[in-house]
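**Student:** To start, I am sharing the structure in question, which I have written as structure tokens.
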Amino acid sequence: MTDMTEVSAGMVPEVKSRSLWQTALIRLRKNVAAMLSIFVLGFLGLCGIFGPMIAPHDYAEVYPAYVKVPASISAYPRADDVIPEAQSALRRARLDLELVEMNDEVLTVIGTSERGVDERVTRYLDRSDLFTNARVVEVSDDGNRIEMQADVDRLYFLFGTDANGRDLFSRVLISLRVSLGIGLLAAGVALVIGVLYGATAGFLGGRTDNMMMRVVDVLYSLPFIFFVILLVVFFGRNVVLMFIAVGCVEWLDMARIVRGQTLSLRRREFVQAAEALGVGSGAILKRHIIPNTLGTVIIYMTLLIPKVILLESFLSFLGLGVQEPLTSLGVLISEGAKNMQNAPDMLIFPALTLTILLFALNFLGDGLRDALDPKDR
Amino acid sequence: MLAYAIRRLLGAIPTLFFIITAAFFMMRLAPGGPFDQERALEATVMANLNATFGLDEPLWKQYVIYLGNLVQGDMGPSFVYRDLKVHQILAIGLPVSIKLGGMALALAMLVGSALGSIAALRQNSAVDYGVIAVATFGITIPNFVVAPVLLLVFALYFDIFPAGGLNGWQSYVLPVIALSLPQIAVVARLIRGAMIEALRSDHVRTARAYGLPTRMIVIKHALRAACLPAISYMGPAAAALLTGSIVVEQIFGIPGIGRYFVQGALNRDYTLVMGTVIVVALFVVIFNLIVDLLYAVLDPRVRYD
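Each protein sequence line maps, in turn, to chains A and B. Note that the numbering used here numbers the first sequence so that position 106 is 106, with each residue one more than the last. Note that the numbering used here numbers the second sequence so that position 151 is 1151, with each residue one more than the last.
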């Protein structure tokens, strides 16, 4: 007998059984668009988490000297701008400027004043965004002539600056963090409410199910945008509360999907077996029903996140969302739309970021659906 | 069919009633009131204003009065636009929104079904992939990105179309495109999917066997079956289009009713918000009915008796 089993084991090559998730993963790996999206999303996610920490500027820091400068990979200030800017910075210093020149990133200013110069005039240079480390080199013996030097501060604005002179690159990074965070938070809320509600309705069935789903139908017919706006008005402009509210609105589809799944799962043998063994309803829901709806729920989740991000951007666009100085992609796009005439960069970069983010999320969602549910193709 | 339509309309009354009730009480529970200003009004002035507009009554009584007036077709005066009644404001804005939305709707149906059909007929060709790419693009990119970019390119750089307002046909071009682009994308996707299925179905094969010309098969037999999913999508979409898009109206400076949602809710203009909510809800109900009736016309298997 032992020989027999050894022989048969040798003849049939050992086939490892593959779980649903493994097959799905294999299918997903073959989907170029979805895999690419995972990398793009990972990159954007890292940008959102760590970007604001390592960005050269704080997202709220204002540079009055650089308002709406165009995007550039070379540093500001431009060589032509240094001397006029130095002159205008020193205008209030009541100095007659004899010499203003720049050599090797160092600005040299010689000024005279008949009433004597105060050494504190260097502050006027420091106050400008262009110069740092202003210092007095020499004061003449009569105190009427001063020579100062200041380093030119080289700043990089990769995406340009906004209408207040804030670095757009840092603002896009922080808005990525806000948008992604809100997307996850609201989708999470929708997930919890939708799954619990749908699973309960489908599991209890009968009249309760009917009642619960009628409620969903009626909520569906509410003018959705109005509903959200009312919630925003009601909760005030608190970002976290607001997106819990958005999540509370977005759970309807999730509830329907989960209910449908639960209805069919409920008639399956393993659920009936669990019932026959005397397992309680709550335990059956937790052990058998909800885990089995996870595939569909994950697919829907990846499609829900872009929807929520879009909704947040839309609300922010209307001025109902995130408030200054914090920002989100919708706020940036709305400001860009207002300033597109003289600063198109302000519209282009946030719009591009949002588009890439949404594309990646949608492709990943489609890819996951194809992978987990091949018959739906 | 008529009996069915009437039954459906009667069935919508409880839904409408619920929407009105929910909107009324949510609006009132929100903090603030229509007469709140930066500087608080004198108490007597406030009391007089509240008395004039009936806001001093208990909430349930206000609700009953509002419902009573509504049944008689009176939506009350606007709290913020003091000289106008709500139905007058809607009468000014709604035709503009309907005109714009109607054009966008027609464009979306025509272009969407044309693109979808072409893609389905040349499945897996370059044309097909092109249409899918355009559709994905249209679905992904939101209105409030498309509209400013359209403005930037066509109004500011090339100066072909005006940037805002409504003067002459040129000013309709950009808003209609911005409104219809996402709808074109969805319709093209739905029609493509359904068309591929329809082209494989028995009745189309029979028509082919009869030797009917391809164009006739596609337009008369396949498209008729293929447009069903698109039509059921277009019901709610049409209601949304015709009642005005907040974003597009704001960006292009169009005096439709879309903006009254936001402005009204922020100003606590109770009656105006209720008015817009009722209009939108009515459109949703009516268009869902139209969709169901169209189904019966297009699909001989569906009968409402």
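Using N, Cα and C, we set each Cβ at its ideal position, and we do this for glycine too. These numbers were taken from a predicted model, which means no experiment stands behind them.
For the candidate residues A:S170, A:T112, A:V279 and A:G295, whose alpha-carbon lies nearest to that of G143 (chain A)?
**Tutor:** Position 143 of the first sequence, counted from the first residue, corresponds to residue 143 (chain A). With distances taken between Cα atoms, G143 (chain A) lies closest to A:T112.
**Student:** Excluding the 5 residues preceding and the 5 following N342 (chain A) in the sequence, name in chain order all residues of the same chain whose CB lies nearer than 7 Å to its CB.
**Tutor:** Against the first sequence, residue 342 (chain A) aligns to sequence position 342. For N342 (chain A), where only same-chain residues beyond five positions count, the Cβ hits under 7 Å are K68.
**Student:** Under 8 Å between the Cβ atoms of K1242 (chain B) and I1098 (chain B)?
**Tutor:** As a position in the second sequence, residue 1242 (chain B) is number 242, starting the count at 1. As a position in the second sequence, residue 1098 (chain B) is number 98, starting the count at 1. With the sequence shown as reference, residue 1242 (chain B) is identified as Leu, and Lys is not the correct amino acid for it. Their beta carbons are under 8 Å apart, which means L1242 (chain B) touches I1098 (chain B) by this criterion.
**Student:** Step through the CB atoms of chain B and report whether any lies within less than 8 Å of the CB of F317 (chain A).
**Tutor:** As a first step, residue 317 (chain A) must be located in the first sequence, where it is residue number 317. It does; some Cβ of chain B falls within 8 Å.
**Student:** Which of helix, strand or coil does DSSP assign to E1057 (chain B)?
**Tutor:** Taking the second sequence and counting its residues from 1, the one referred to as residue 1057 (chain B) is at position 57. If DSSP states are grouped into helix, strand and coil, E1057 (chain B) belongs with coil.
**Student:** Residues in its own chain within less than 7 Å of V1111 (chain B) by CB, not counting five upstream and five downstream?
**Tutor:** Along the second sequence, one-based indexing puts residue 1111 (chain B) at 111. Here the set comprises I1184.
**Student:** Which residues in the same chain have their Cβ closer than 7 Å to the Cβ of E98 (chain A), if we skip the five residues on either side of it in sequence?
**Tutor:** Here residue 98 (chain A) is taken as the residue at index 98 of the first sequence, counted from 1. Same-chain partners within the cutoff: I110, G111 and T112.
**Student:** Compute the Euclidean distance between the alpha carbons of Y1295 (chain B) and Q1088 (chain B), then round it to the nearest angstrom.
**Tutor:** Locating residue 1295 (chain B) in the second sequence gives position 295, where the first residue counts as 1. Locating residue 1088 (chain B) in the second sequence gives position 88, where the first residue counts as 1. Using only the alpha carbons, I get a separation of about 35 Å.
**Student:** Flag P84 (chain A) as yes if its beta-carbon sits less than 8 Å from any beta-carbon of chain B, otherwise no.
**Tutor:** Walking along the first sequence from the start, residue 84 (chain A) turns up at place 84. Chain B contact via Cβ: absent.
**Student:** Quick check: is the beta carbon of A1265 (chain B) nearer than 8 Å to any beta carbon in chain A?
**Tutor:** Counting from 1 along the second sequence, the entry for residue 1265 (chain B) is found at position 265. Chain A contact via Cβ: present.
**Student:** Where L1298 (chain B) and C1227 (chain B) are concerned, what is the direct C-alpha to C-alpha distance, given to the nearest angstrom?
**Tutor:** In the second sequence, counting from the first residue as 1, residue 1298 (chain B) sits at position 298. In the second sequence, counting from the first residue as 1, residue 1227 (chain B) sits at position 227. Approximately 9 Å between the Cα atoms of the pair.
**Student:** Is it right to say T1024 (chain B) is buried, meaning 16 or more other beta carbons lie within 10 angstroms of its own, or is it exposed?
**Tutor:** As a position in the second sequence, residue 1024 (chain B) is number 24, starting the count at 1. Here residue 1024 (chain B) turns out to be Phe, not Thr, going by the sequence shown. Classification for F1024 (chain B): buried.
**Student:** Report all residues from its chain with a CB closer than 8 Å to the CB of G205 (chain A); omit the five preceding and five following residues, and keep chain order.
**Tutor:** Counting from one through the first sequence, the residue named residue 205 (chain A) turns up at place 205. L263 and R266, listed in sequence order.
**Student:** If you count every other CB in all the chains shown that lies within 10 Å of the CB of F43 (chain A), and 16 or more means buried, which is it?
**Tutor:** For the purposes of this step, residue 43 (chain A) is taken as the residue at position 43 of the first sequence. With fewer than 16 other Cβ atoms within 10 Å, it is exposed.
**Student:** What's the gap between the Cα of V106 (chain A) and the Cα of L36 (chain A)?
**Tutor:** On the first sequence, position 106 is the one that residue 106 (chain A) refers to. On the first sequence, position 36 is the one that residue 36 (chain A) refers to. Roughly 47 Å separates the two Cα atoms.
**Student:** At a CB-CB cut-off below 8 Å, which residues of chain A make contact with V1145 (chain B)?
**Tutor:** Within the second sequence, residue 1145 (chain B) is the residue found at index 145, counting from 1. In chain order: I333, A351, L354 and T355.
**Student:** Measure the Cβ-Cβ separation of G1138 (chain B) and P1182 (chain B) and say whether it is below 8 Å.
**Tutor:** On the second sequence, position 138 is the one that residue 1138 (chain B) refers to. On the second sequence, position 182 is the one that residue 1182 (chain B) refers to. In this structure, P1182 (chain B) lies closer than 8 Å to G1138 (chain B) by Cβ.
**Student:** Using 8 Å as the cut-off, can you tell me whether the region 293 to 305 of chain A makes contact with the region 354 to 369 of chain A, which would need three or more C-beta pairs spanning the two stretches below that distance?
**Tutor:** Yes: the two stretches touch, three or more of their Cβ pairs being nearer than 8 Å.
**Student:** Could you check what DSSP says for F1079 (chain B) in three-state terms: helix, strand or coil?
**Tutor:** By 1-based counting over the second sequence, the position of residue 1079 (chain B) is 79. Note: F1079 (chain B) maps to coil in three-state DSSP.
**Student:** Note down the Cα distance separating G116 (chain A) from E138 (chain A), rounded to an integer number of angstroms.
**Tutor:** Locating residue 116 (chain A) in the first sequence gives position 116, where the first residue counts as 1. Locating residue 138 (chain A) in the first sequence gives position 138, where the first residue counts as 1. Using only the alpha carbons, I get a separation of about 13 Å.
**Student:** Would you be able to state if there are at least three C-beta pairs under 8 Å between the region 53 to 65 of chain A and the region 185 to 198 of chain A?
**Tutor:** No: the two stretches stay apart, fewer than three of their Cβ pairs being nearer than 8 Å.
**Student:** Could you check what DSSP says for V1176 (chain B) in three-state terms: helix, strand or coil?
**Tutor:** Stepping through the second sequence from its first residue, residue 1176 (chain B) is reached at position 176. Looking at V1176 (chain B) - three-state DSSP - the assignment turns out to be helix.
**Student:** The ligand NAD and Y1004 (chain B): does any heavy atom of the ligand fall closer than 7 Å to the residue's C-beta?
**Tutor:** Looking for the ligand NAD in the displayed structure turns up nothing, as the structure carries no ligands at all.
**Student:** Mind checking whether V1080 (chain B) and P1148 (chain B) have CB atoms under 8 Å apart?
**Tutor:** Here residue 1080 (chain B) refers to the residue found at position 80 when the second sequence is read from its first residue. Here residue 1148 (chain B) refers to the residue found at position 148 when the second sequence is read from its first residue. For V1080 (chain B) and P1148 (chain B), no; Cβs fall outside 8 Å.
**Student:** In the DSSP output, which residue or residues are listed as bridge partners for N133 (chain A)?
**Tutor:** Residue 133 (chain A) sits at position 133 when you count from the first residue of the first sequence. Partner(s): none; N133 (chain A) has no beta bridge.
**Student:** Using 10 angstroms around the beta-carbon of I1092 (chain B), count the other beta-carbons present and answer buried if the total reaches 16, otherwise exposed.
**Tutor:** As a first step, residue 1092 (chain B) is located in the second sequence; it is residue number 92 there, counting from the start. Flag for I1092 (chain B) reads exposed.
**Student:** Taking Cβ positions only, does V1131 (chain B) come closer than 8 Å to chain A?
**Tutor:** One-based indexing of the second sequence puts residue 1131 (chain B) at position 131. No, no contact with chain A.
**Student:** Throw me the rounded Cβ distance for the Y147 (chain A) and F243 (chain A) pair, which I believe falls under 8 Å.
**Tutor:** Position 147 of the first sequence, counted from the start, is the residue given in the question as residue 147 (chain A). Position 243 of the first sequence, counted from the start, is the residue given in the question as residue 243 (chain A). Per the sequence shown, the amino acid found at residue 147 (chain A) is Glu instead of Tyr. Actually they are not in contact, since the Cβ atoms of E147 (chain A) and F243 (chain A) sit about 57 Å apart, beyond 8 Å.
**Student:** What residue range does the alpha helix (DSSP H) around D1202 (chain B) cover?
**Tutor:** Taking the first residue of the second sequence as position 1, residue 1202 (chain B) is located at position 202. Element bounds for D1202 (chain B): D1202 to Y1210.
**Student:** Per DSSP, what kind of secondary structure is L66 (chain A) in: helix, strand or coil?
**Tutor:** The sequence position of residue 66 (chain A) within the first sequence is 66, counting from 1. What sits at residue 66 (chain A) in the sequence shown is Tyr, not Leu. In this structure, Y66 (chain A) counts as coil in the three-state DSSP scheme.
**Student:** G336 (chain A) versus chain B: which residues are under 9 Å apart at the beta carbon?
**Tutor:** Start at 1 with the first residue of the first sequence, and residue 336 (chain A) comes out as number 336. What G336 (chain A) touches in chain B: P1148.
**Student:** Taking Cβ positions, are A1108 (chain B) and S1180 (chain B) nearer each other than 8 Å?
**Tutor:** Numbered from 1 along the second sequence, position 108 holds the residue referred to as residue 1108 (chain B). Numbered from 1 along the second sequence, position 180 holds the residue referred to as residue 1180 (chain B). It is a contact, given that the beta carbons lie within the stated cut-off.
**Student:** Name the one or two DSSP bridge partners that Y403 (chain A) has.
**Tutor:** Any question about residue 403 (chain A) goes unanswered here, given that chain A covers just 1 to 377.
**Student:** For P1142 (chain B) versus F363 (chain A), is the C-beta spacing smaller than 8 Å?
**Tutor:** For the purposes of this step, residue 1142 (chain B) is taken as the residue at position 142 of the second sequence. For the purposes of this step, residue 363 (chain A) is taken as the residue at position 363 of the first sequence. Taking 8 Å as the Cβ cut-off, P1142 (chain B) and F363 (chain A) do not qualify as a contacting pair.
**Student:** Between the region 1206 to 1213 of chain B and the region 1152 to 1166 of chain B, do three or more beta carbon pairs fall short of 8 Å?
**Tutor:** Touching, no.
**Student:** I need the DSSP call for L358 (chain A), collapsed to helix, strand or coil.
**Tutor:** Sequence index remark: in the first sequence, residue 358 (chain A) carries index 358 (1-based). Helix.
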